[in-house]
Amino acid sequence: MIKIRALYIFTLFPAFLFSQTKNFIEKKDSLLPGTITSIPFTVENKFSVRTSYDLTVETSDPNIIPILTKGEIEISPAEKTIYLVPVKIASETPHGKYAITLYGSEKSTGEKFSKHFEFIISESRKLSLTSLNAPEFVKAGESITSTFLLKNNGNFTENLILESKNAIIDQNAALILSAGEQKIITVLKKTNPELGKNEMQNIMLSVYSADNPKENQSAYTSVKIISVKPSEEDIFHRLPAAFSLAFTGMQNRGEFQNGFQGEIYGKGSLDKENRNLIEFHAVTKNPVAFNSFTKYEEYFVNYKRENFFIHLGDKNYFSSFLTEYARYGRGAEVRYDTEKLSFGGFYNHPRFFRDIQDEFNVYSKIKITKESEITAGYLYKIPRKDNSLLSFSGFRFHSDAQLPYLAGKFKLNKSIEISGETSYSKTGKTEGSAFMLQTVANFNKISGNLMYMHSSPEYAGYFNNTNTFNGNIQFQIFNKVNIFANYVQDAKNFQRDTLLLAAPYRKYLQYGIQYRYTKKGSITIFNGFQRYEDRLIPKEFDYKEQFFRISMEQQLGIFQLNFESQFGKTNNYLLNFSGNSSFYTANVGFEKFRTSFNIYGSYAVTSRYQIQNQKQMYYGVRILSRFSQKTNFSLSYQNNYMPEEYFADRNLFELIFHQQIFPGHEFDLSGRYTLQRGELGNKDFIFSLRYTARLDIPTQKTADYAALYGTINNLGVKKVDGIRILLGHYLSVTDKSGNFVFKNVIPGNYVLEIDRSTGDINDIPDIDLPASVTISNSENIFNFGLTSSSQIQGKIEYSESPKPDFVQLSNKKDNKKRESIMLEISNGNQIYRKIIDVGENFDFTYLRPGEWKVKVYRNGLDKKYKIPVDHFDFILKPSEIKTLIISVIKQQSEIKFQQEPIKVTYNEFRKKK
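The numbering of the sequence shown is my numbering, which starts it at 172 and goes up by one.
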């Protein structure tokens, strides 16, 4: 009794679902295609006697198949009975609304009734994408052709998008695929004929619905690309180096100078393991006066191996920020690093600072964490004894100076870093000290940094008798709005090198707001003050200015536009007057025909210099063109520069042309009109013609030439002589016995293959070719055999199973859908696949004799079809043709009924009670 009740609950559960109102079913209930379910109908006997009914069932669509189309039922007086109609919903049933109608006829009176039931078949998305066929290898320069099978196993038409990021799809990327439809997609990719080494390439295909792009499917194939023009392998490890010879001429303040200058530069490793790293540079004496646009005499070499580093020669030597920030000279530096500790030092003889004869430095650094460390060091300076001139800062060494220092950097968390340094100096007559503190913070919306430095009047380091404070902060209020502020106060006294002139002293504060109104446009408003004072004698400017500035940047198509206006009130301390200063600037840049153009113009009315309300016009143009990978050209012109920039060398007109003659050899031609540092109006001319040879210097022999010997064994073919064998770009031909040899081969990895055109069309190697071969430093042997290929052919035969003794489903033939299966054959190393329609013939040709396995995949075959045997094993003999018949049986669906039917009734008496 318990079993019957359980069966009753599970059988009638769908009935309770479908007995709700029509709207409830449409909104919440739906059926999936490819399922069997029961549809409930309520039949009522309104008579006072027991009544029998004949029942028939009809559906609104052939895909909704009633398992029982006819039946009968007896109902007691005044009772209701639920009559269950079992139906099968075909897997290809489209999404939509369907109906089942139950017709009844009372046997004795003939009175008829009908019951109508509607339901919804939900959408079922089932896309499958599988790799079908792809070549195992192709030669460089050939096209890779890969095929993929795309099938819509769902029940509605899909609007699909095909995509391949690294190949070309051989059809329209937009594809409409009906329910149950399948399509073979071909993907092509052209390989590079200049490929230097063999490599593997993946061909990928992705598919997704245009309505739901996030749900995509991908499949890929891997293909080996064999180089037909392999790059020459080198048995030497080489160091890249460049050798240059330049002829330079210069009109220098009325005097013409010219001459040749040579240069050598190299950087790389001395061994193939890259353990010994070296860098060297040598520039001969400059034939003209030093200029920022010419090269100065320099010689150095440095070497690094694992934790050890040494430098000999010229460089900017650095001990710490306070003691010696940057001192160019000739000397030596040594450093040794361990995981937590570093120590080292240097000796330096300054070349462009008249106060110091020599200096020595030693230091030790301890790493606390990956981004936190403490450095302790000691710097010793020896002054020049014969130098009676005043120094730039007014501070002079009277005796040797000793400067111990302690510096540290600490990463407090992901957002905050602090660093600092303190130092003490002592000479024979003076003592001094200095310190520096800096903090950097980076948060999600706000970032900034602050730095303060102080040095006493008698401090003997790089800075003395000075204070400096720098800081900036930026805060993002909204996604498009930023506010910012920055303050700069330069150090007034520092021991700089005298090769170049000093930049003017600056002290300024500016703050503002930026609004980015589009992705390609922004507007910025600034306010603040600035103080500029010339450090040179006589002074050309000394002023303080309150200013307001507005700037706009906008990209319109290929044009990048920038407009800026500044208005200020200027106090001129040089001539003791005040006035207004205003600037209007425009900058337009664009790129076309592999050439970039930049045009600049500025108009100013200022009171900064020698005249009140002085009018100035600045304009210029810059053109950079890359004609080809071997040729480029640049031209720039600017009529003048602002006086604040006269401490540096400035280009008024520049023309540069670069040409690569052939790989590794190139020349450069340049000409310039310049304003040299310290000059405001007198122009000089510089031209240069430079030839450069880029060579690779052999530093280590990494391998010796090797040889490959082999034999092609005759396994039943007509001949084994005259067969061409390819090993990369090497070629060999077999003799009468099938022997071949490759001599003077550079060791490395190669692909060996045979030229099939030199043998019989059905000849096939007994191993997989092309084959990867590793050539070592000794003699190498590679043997294989040549036999006759085999093939498998056959047919997919269709039949129907005999009718069973049970109730069967309707087997209406679906003419719209062509059923197919997928065949896969494999010998363990090679796999071939084909899709064959049921009832069609198939064949697999040019197969290597041996063991082969054949697997049959349903490939979305309808469930009503059965494949009795889906696996076959063969041993193919040379020249054998194996015939294979694969049966596909259309089987009858059957239902077994339990002996006693279940009857569901309503008790009217209890309901009334």
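The C-beta atom is built at its ideal place from N, Cα and C for all residues, glycine as well.
In this structure, what does DSSP give as the bridge partners for L621?
Taking the first residue of the sequence shown as position 1, residue 621 is located at position 450. In DSSP, L621 forms a bridge with T610, G642.
Which residue or residues does DSSP assign as beta-bridge partners of P211?
In the sequence shown, counting from the first residue as 1, residue 211 sits at position 40. According to DSSP, P211 bridges with L255.
How big is the Cα-Cα spacing for R555 and E444?
For the purposes of this step, residue 555 is taken as the residue at position 384 of the sequence shown. For the purposes of this step, residue 444 is taken as the residue at position 273 of the sequence shown. Spanning the two alpha carbons is a distance of roughly 46 Å.
Among R677, Y658, A674, K663, which has the Cα closest to the Cα of G683?
In the sequence shown, counting from the first residue as 1, residue 683 sits at position 512. Among R677, Y658, A674, K663, the Cα nearest to that of G683 belongs to Y658.
Given this structure, state the Cα-to-Cα distance separating S928 from L886, to the nearest angstrom.
Numbered from 1 along the sequence shown, position 757 holds the residue referred to as residue 928. Numbered from 1 along the sequence shown, position 715 holds the residue referred to as residue 886. Those two C-alpha atoms are separated by around 18 Å.
Please return the same chain residues whose Cβ sits closer than 6 Å to the Cβ of N487, not counting the five positions on each side in sequence.
Stepping through the sequence shown from its first residue, residue 487 is reached at position 316. Excluding residues within five positions, the ones whose Cβ falls inside 6 Å are A497, Y499.
Around the C-beta of D820, are 16 or more other C-beta atoms found within 10 angstroms, so that it is buried, or is it exposed?
For the purposes of this step, residue 820 is taken as the residue at position 649 of the sequence shown. Buried is the call here.
Once you ignore the five residues that flank L795 on each side, which residues in its own chain have a CB closer than 6 Å to its CB?
Translated into positions along the sequence shown, residue 795 becomes position 624. Result list for L795: S767, S805, in chain order.
Could you pull out every unbroken beta strand (DSSP E) segment of at least 3 residues lying fully inside the stretch 629-698, listed in chain order?
As far as the stretch 629-698 is concerned, its whole beta strand (DSSP E) runs of at least 3 residues are 637-649, 652-660, 676-689.
Considering just the uninterrupted stretch of the beta strand (DSSP E) at E825, what are its terminal residues?
One-based indexing of the sequence shown puts residue 825 at position 654. Its beta strand (DSSP E) spans residues 821-833.
Are Y744 and D713 close, meaning C-beta to C-beta below 8 Å?
Taking the first residue of the sequence shown as 1, we reach residue 744 at position 573. Taking the first residue of the sequence shown as 1, we reach residue 713 at position 542. Yes.
What does the Cβ neighbour count give for Y269, buried or exposed, with the cut at 16 atoms within 10 Å?
Within the sequence shown, numbered from 1, the residue matching residue 269 stands at position 98. Counting Cβ neighbours within 10 Å, Y269 comes out buried, since at least 16 surround it.
Give me the residue from F523, G965, R843, V1040 with the minimum Cα distance to T465.
Residue numbering aside, residue 465 sits at position 294 when the sequence shown is read from its first letter. That would be R843, whose Cα lies nearest to the Cα of T465.
Spell out a yes or no on whether the stretch 204-224 and the stretch 299-306 are touching, meaning 3 or more CB-CB pairs, one atom from each, closer than 8 Å.
Output reads no: the stretch 299-306 does not touch the stretch 204-224.
Are the stretch 311-329 and the stretch 283-302 in contact at 8 Å, needing three or more beta carbon pairs?
With the cut-off at 8 Å, the stretch 311-329 and the stretch 283-302 touch.
Alpha carbons only, please: which of E815, T637, S586, G548 is nearest the one belonging to K616?
Taking the sequence shown and counting its residues from 1, one reaches residue 616 at position 445. Checked all of E815, T637, S586, G548; the closest Cα to K616 is S586.
Would A1086 be called buried (16 or more neighbouring beta carbons within 10 Å of its own) or exposed?
Here the chain has residues from 172 to 1084 only, and residue 1086 is not among them.
Under 8 Å Cβ to Cβ from F489, same chain only, skipping five residues before and after it: list those, please.
Reading the sequence shown from its first residue, position 318 is the one you call residue 489. E495, Y496, A497, R498.
Going by the CB atoms, is the gap between Y812 and L840 shorter than 8 Å?
For the purposes of this step, residue 840 is identified with residue 669 of the sequence shown, where counting begins at 1. For the purposes of this step, residue 812 is identified with residue 641 of the sequence shown, where counting begins at 1. Not a contact, by the Cβ cut-off of 8 Å.
Between the alpha carbons of Y507 and E477, how many angstroms are there, rounded?
As a working mapping, residue 507 is identified with position 336 in the sequence shown. As a working mapping, residue 477 is identified with position 306 in the sequence shown. Using only the alpha carbons, I get a separation of about 9 Å.
Would you mind listing the beta strand (DSSP E) stretches within the stretch 376-447 that are 3+ residues and don't spill past its ends, in chain order?
Taking only runs of at least 3 residues, the beta strand (DSSP E) segments lying wholly in the stretch 376-447 are 383-397, 407-423, 426-440.
Suppose you measure from the CA of L574 to the CA of T689; what does that come to, to the nearest Å?
Residue mapping note: residue 574 aligns to position 403 of the sequence shown, counting from 1. Residue mapping note: residue 689 aligns to position 518 of the sequence shown, counting from 1. Cα-Cα distance, rounded: 54 Å.
Restricting to runs no shorter than 3 residues, where is the beta strand (DSSP E) found entirely within the stretch 1003-1049?
Runs found: 1012-1018, 1021-1028, 1042-1047.
Using the beta-carbon count (16 or more within 10 Å), is S394 buried or exposed?
Residue numbering aside, residue 394 sits at position 223 when the sequence shown is read from its first letter. A quick correction: the sequence has Val, not Ser, at residue 394. It counts as buried.
What does a CB cutoff of less than 8 Å around N810 pick up in its chain, not counting 5 residues either side in sequence?
Taking the first residue of the sequence shown as position 1, residue 810 is located at position 639. Result list for N810: M788, Y789, Y790, G791, L823, in chain order.
Taking the beta carbon of P306 as the centre, do at least 16 other beta carbons fall within 10 Å, making it buried, or is it exposed?
Stepping through the sequence shown from its first residue, residue 306 is reached at position 135. The residue is exposed, with fewer than 16 neighbouring Cβ atoms inside 10 Å.
Do A656 and G632 come within 8 Å of each other at the CB atom, strictly closer than that value?
Your numbering for residue 632 matches position 461 in the sequence shown. Your numbering for residue 656 matches position 485 in the sequence shown. Contact flag unset, no.
What's the C-alpha gap between V922 and R446?
Sequence index remark: in the sequence shown, residue 922 carries index 751 (1-based). Sequence index remark: in the sequence shown, residue 446 carries index 275 (1-based). Roughly 31 Å separates the two Cα atoms.
I435 and A453 - do their beta-carbons sit closer together than 8 Å?
For the purposes of this step, residue 453 is taken as the residue at position 282 of the sequence shown. For the purposes of this step, residue 435 is taken as the residue at position 264 of the sequence shown. Their beta carbons are under 8 Å apart, which means A453 touches I435 by this criterion.
My guess is that E602 and S596 are in contact by the Cβ rule of under 8 Å, so how many angstroms apart are they, rounded?
Your numbering for residue 602 matches position 431 in the sequence shown. Your numbering for residue 596 matches position 425 in the sequence shown. Sure, about 7 Å apart at Cβ, within 8 Å.
DSSP state of R144, grouped into three classes?
The structure shown does not extend to residue 144, since the chain spans only 172 to 1084, so no value can be given for it.
Mapping DSSP to helix, strand and coil, what is E971?
One-based indexing of the sequence shown puts residue 971 at position 800. In this structure, E971 counts as strand in the three-state DSSP scheme.
Could you spell out the range, first to last residue, of the beta strand (DSSP E) harbouring Q1001?
Start at 1 with the first residue of the sequence shown, and residue 1001 comes out as number 830. It is not in any beta strand (DSSP E) - Q1001 carries neither H nor E in the DSSP assignment.
Cutting at 6 Å between CB atoms, please list the residues of its own chain near V358, excluding the five before and the five after it.
Here residue 358 refers to the residue found at position 187 when the sequence shown is read from its first residue. Answer for V358: S317, S335, A338, I340, I374, L376, listed in chain order.
Return the first residue and the last residue of the beta strand (DSSP E) that P237 is part of.
Counting from 1 along the sequence shown, the entry for residue 237 is found at position 66. Counting along the chain, the beta strand (DSSP E) containing P237 begins and ends at 235-237.
Taking only three categories from DSSP, how would you classify K198?
For the purposes of this step, residue 198 is taken as the residue at position 27 of the sequence shown. Model confidence at K198 stands at a pLDDT of 37, short of 50, so the residue's coordinates are unreliable; what they give is reported in the following sentence. K198 falls in the helix class under three-state DSSP.
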